[in-house]
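Residue numbers (my numbering): 175 to 348. Beta carbons: idealized from backbone N, C-alpha and C, even for Gly. Everything on this sheet refers to the single structure shown next.
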């Protein structure tokens, strides 16, 4: 248990995370194993979470708790590994049960988040693509689909910065 001094920000951060997660789960046929093996669904989930965070930031709403800001700065390939493991965890079965029984609730929070996004200039293509899977009649994405390219740019930049720092440190220490 923890105390949060800004419950509104915490709840909105939770919505920015849970809506894309549930929608990606619907995209994968409400099968956590299939979601973990379907890179396209994971990529869209991660990008939609980031879009949601940008929408919140545009409204001056801080990402709460602060530890969740990791989604904003970790490179996409690393986050995909983390998210795949999260989806495969034991606690996922609880989330799947909730997503199965709460499709109307998930649509409501997705609509609220999209409404908030509509008052900004933030583009939400991943959120918009995942949104269609709230409709139970929409066919899930093929298992294992990996057509969406992963954004490696941030990883290469991070490795370049690390290499530059290591080189600078070695010059100082010599």
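(request) Give me the Cα-Cα distance between residue 191 and residue 251, rounded to the nearest whole angstrom. (result) As a position in the chain shown, residue 191 is number 17, starting the count at 1. As a position in the chain shown, residue 251 is number 77, starting the count at 1. C-alpha separation (whole angstroms): 18 Å.
(message) Assuming the contact rule is C-beta atoms closer than 8 Å, residue 317 and residue 213 should be a hit. Round their C-beta distance to whole Å, please.
(response) For this step, residue 317 is matched to residue 143 along the chain shown. For this step, residue 213 is matched to residue 39 along the chain shown. Actually they do not touch by this definition, with Cβ atoms about 11 Å apart.
(message) Please state whether the Cβ-Cβ distance between residue 307 and residue 200 is less than 7 Å.
(response) Locating residue 307 in the chain shown gives position 133, where the first residue counts as 1. Locating residue 200 in the chain shown gives position 26, where the first residue counts as 1. A contact, by the Cβ cut-off of 7 Å.
(message) Which residue marks the beginning of the alpha helix (DSSP H) containing residue 321, and which one marks its end?
(response) For the purposes of this step, residue 321 is identified with residue 147 of the chain shown, where counting begins at 1. Per DSSP, residue 321 belongs to no alpha helix (DSSP H) and is neither H nor E.
(request) Could you give the DSSP three-state label for residue 185: helix, strand or coil? (result) The residue labelled residue 185 in the question sits at position 11 within the chain shown. Correct three-state label for residue 185: helix.
(message) Taking 7 Å as the threshold (C-beta atoms), are residue 261 and residue 206 in contact?
(response) Taking the first residue of the chain shown as 1, we reach residue 206 at position 32. Taking the first residue of the chain shown as 1, we reach residue 261 at position 87. A contact, by the Cβ cut-off of 7 Å.
(request) Buried or exposed for residue 193, please, with buried defined as at least 16 other CB atoms from any protein chain shown within 10 angstroms of its CB. (result) Here the question's residue 193 lines up with position 19 in the chain shown. Buried: at least 16 other Cβ atoms inside 10 Å.
(request) Hey, could you find the ends of the alpha helix (DSSP H) residue 326 is sitting in? (result) Walking along the chain shown from the start, residue 326 turns up at place 152. Residue 326 -> no alpha helix (DSSP H), and no H or E assigned at all.
(message) So for residue 180, helix, strand or coil by DSSP?
(response) Counted from its first residue, the chain shown places residue 180 at position 6. Three-state DSSP puts residue 180 in coil, outside helix and strand.
(request) Could you check what DSSP says for residue 237 in three-state terms: helix, strand or coil? (result) The residue you call residue 237 lines up with position 63 of the chain shown. Coil at residue 237, not helix or strand.
(request) May I ask you to report which of helix, strand or coil DSSP gives residue 311? (result) Here residue 311 refers to the residue found at position 137 when the chain shown is read from its first residue. Looking at residue 311 - three-state DSSP - the assignment turns out to be coil, as it is neither helix nor strand.
(request) Could you check if residue 255 is buried or exposed, using at least 16 other CB atoms within 10 Å of its CB as the buried criterion? (result) Here residue 255 refers to the residue found at position 81 when the chain shown is read from its first residue. Exposed, since its Cβ has fewer than 16 Cβ neighbours within 10 Å.
(message) I'd like the list of long-range same chain contacts for residue 314, defined as Cβ closer than 7 Å, with 5 residues on each side in sequence excluded.
(response) Position 140 of the chain shown, counted from the first residue, corresponds to residue 314. Excluding residues within five positions, the ones whose Cβ falls inside 7 Å are 201, 202 and 203.
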